[in-house]
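Asker:
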Amino acid sequence: MTILVTGGAGFIGSNFVLDWLAQSDEPVINLDKLTYAGNAGNLAALAGDARHTLVHGDIGDRGLIGSLLKQHRPRAIVHFAAESHVDRSIHGPADFIQTNVVGTFTLLDETRAYWQSLDEAARAAFRFLHVSTDEVYGSLSSNDPAFAETTAYAPNSPYSASKAASDHLVRAWHHTYGLPVLTTNCSNNYGPYQFPEKLIPLMILNATRGKPLPVYGDGANVRDWLYVGDHCSAIRRVLEAGRPGEVYNIGGNSERTNMQVVNHLCDLLDRLRPRAEGLHKSLVTFVKDRPGHDRRYAIDARKIAGELNWQPRETFESGLERTVQWYLDQTDWIAGIESGAYKTWIDLNYGARQQ
0 MTILVTGGAG FIGSNFVLDW LAQSDEPVIN LDKLTYAGNA GNLAALAGDA RHTLVHGDIG
60 DRGLIGSLLK QHRPRAIVHF AAESHVDRSI HGPADFIQTN VVGTFTLLDE TRAYWQSLDE
120 AARAAFRFLH VSTDEVYGSL SSNDPAFAET TAYAPNSPYS ASKAASDHLV RAWHHTYGLP
180 VLTTNCSNNY GPYQFPEKLI PLMILNATRG KPLPVYGDGA NVRDWLYVGD HCSAIRRVLE
240 AGRPGEVYNI GGNSERTNMQ VVNHLCDLLD RLRPRAEGLH KSLVTFVKDR PGHDRRYAID
300 ARKIAGELNW QPRETFESGL ERTVQWYLDQ TDWIAGIESG AYKTWIDLNY GARQQ
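FYI, numbering that gives the first Met the number 0 numbers position 267 of the sequence shown as 266, with every residue one higher than the one before it.
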């Protein structure tokens, strides 16, 4: 028995692969394009482990996908591979359409041909799990109910529009061809191995260097925060017992404004690594908001709790402290990702924003 994981060298994907192999001996074929956010170093702990095979390749490469499926005959595919940063999608949407839409289509179509070639028992047991985002549902006001699996799609950024398109393709391949798919829509993840373009790792790294902590707009945008380890356990549970064709929303039950997140980070850093120059909150700098910035996301996770008996184990406070300590301890990993390309991106996205 084998599973194929796409995007398994990225933030969530690498955490999933590490968790999977910590709890199971079932081998993983890990297909990753190894772009800026796909880091083989995330998987260093698996060096020499025969249960893990890292394949450098693109989900849009039909020949490669077909070859991997024929050679390894996985019983399931867990599809993480995606361009995922809203700010990058604003600066360059074409990559998001190519990977998230065209790439997902290619993967689905090759998977359909493979699945149809299986015997009846293997077809019945096979699963294609598509990992998506709550951003496909659009933006909520402060009084709106949280996103449920039945909430109408209303994506507002090139990123969320490309993920919404991929969700629709997955649904269509189930309803048209019968492919046994599962879709998960998660809230904002945080934790180890997250590339420091996202809010929490960017704030940690900037704070430890005494650099400004750039907060968009008024800092009152709300997100539900989900520790990545909890997300991985939810995906394993959906893969194990989810009903084909169903969607499961995964949340952390932790709505916070961006300023609440930054202030809590600063308090943690004041305790774990105090600054001689004063409190970390003095580094907070409000910058021009990004275009079309959604105001609030919130997840109603009652379906996965009721059907699959899943709940997050980490509170926001416990998960954030674990995350901060991990980044403080991982100087080699941080040095490895802080390349010229990363610095160029930070300059591009934040350099032109006025205080």
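All C-beta atoms in this analysis are idealised placements derived from N, C-alpha and C, irrespective of residue type, glycine included.
Can you look up residue 224 in the DSSP assignment and give me helix, strand or coil?
Answerer: Counted from its first residue, the sequence shown places residue 224 at position 225. Strand.
Asker: Spell out a yes or no on whether the segment 27-42 and the segment 211-219 are touching, meaning 3 or more CB-CB pairs, one atom from each, closer than 8 angstroms.
Answerer: Too few Cβ pairs lie closer than 8 angstroms, so no.
Asker: With DSSP run on the structure shown, which of helix, strand or coil describes residue 23?
Answerer: Residue numbering aside, residue 23 sits at position 24 when the sequence shown is read from its first letter. It is coil, neither helix nor strand.
Asker: Would DSSP call residue 334 helix, strand or coil?
Answerer: What you label residue 334 is simply residue 335 of the sequence shown in a count that begins at 1. Of the three classes helix, strand and coil, the one that applies to residue 334 here is helix, per DSSP.
Asker: So, with DSSP's three-state summary, where would you put residue 256?
Answerer: Working through the sequence shown from its first residue, we reach residue 256 at position 257. Residue 256 falls in the strand class under three-state DSSP.
Asker: Classify residue 200 as buried or exposed, calling it buried when 16 or more other Cβ atoms lie within 10 Å of its own Cβ.
Answerer: Taking the first residue of the sequence shown as position 1, residue 200 is located at position 201. Its Cβ being crowded by 16 or more others within 10 Å, residue 200 is buried.
Asker: How big is the Cα-Cα spacing for residue 321 and residue 266?
Answerer: For the purposes of this step, residue 321 is taken as residue 322 along the sequence shown, with counting starting at 1. For the purposes of this step, residue 266 is taken as residue 267 along the sequence shown, with counting starting at 1. Roughly 14 angstroms between the two C-alpha positions.
Asker: Return helix, strand or coil for residue 187, following the three-state DSSP convention.
Answerer: Translated into positions along the sequence shown, residue 187 becomes position 188. Note: residue 187 maps to strand in three-state DSSP.
Asker: Is the segment 227-239 touching the segment 161-179, taking contact as three or more C-beta pairs under 8 angstroms?
Answerer: These segments do not touch.
Asker: Since residue 103 is in the alpha helix (DSSP H), which residue starts that stretch and which ends it?
Answerer: As a position in the sequence shown, residue 103 is number 104, starting the count at 1. Here the alpha helix (DSSP H) through residue 103 covers 103-115.
Asker: How many angstroms separate the CA atom of residue 59 from the CA atom of residue 67?
Answerer: Locating residue 59 in the sequence shown gives position 60, counting from the first residue. Locating residue 67 in the sequence shown gives position 68, counting from the first residue. C-alpha separation (whole angstroms): 13 angstroms.
Asker: Rounded to the nearest angstrom, what separates residue 354 and residue 300 at their Cα positions?
Answerer: Looking up residue 354 in the sequence shown gives position 355. Looking up residue 300 in the sequence shown gives position 301. Note that residue 354 scores 48 on pLDDT, short of 50, meaning its location in the model is unreliable; the coordinates nonetheless yield the value given after this. Cα to Cα, residue 354 sits roughly 37 angstroms from residue 300.
Asker: In the DSSP assignment, find the beta strand (DSSP E) that holds residue 127 and state where it starts and stops.
Answerer: Residue numbering aside, residue 127 sits at position 128 when the sequence shown is read from its first letter. Looking at the DSSP string, the run of the beta strand (DSSP E) that includes residue 127 is 126-132.
Asker: When you compare only the Cα positions, how much space is there between residue 276 and residue 203?
Answerer: As a first step, residue 276 is located in the sequence shown; it is residue number 277 there, counting from the start. As a first step, residue 203 is located in the sequence shown; it is residue number 204 there, counting from the start. Taking the straight line joining both Cα atoms gives about 16 angstroms.
Asker: With distances taken Cα to Cα, identify the nearest neighbour of residue 118 among 18, 74, 305.
Answerer: To locate residue 118, count along the sequence shown from 1; it is residue 119. Closest option to residue 118, Cα to Cα, is 74.
Asker: Quick one: what does DSSP say residue 152 is sitting in, helix, strand or coil?
Answerer: Here residue 152 refers to the residue found at position 153 when the sequence shown is read from its first residue. In this structure, residue 152 counts as coil in the three-state DSSP scheme.
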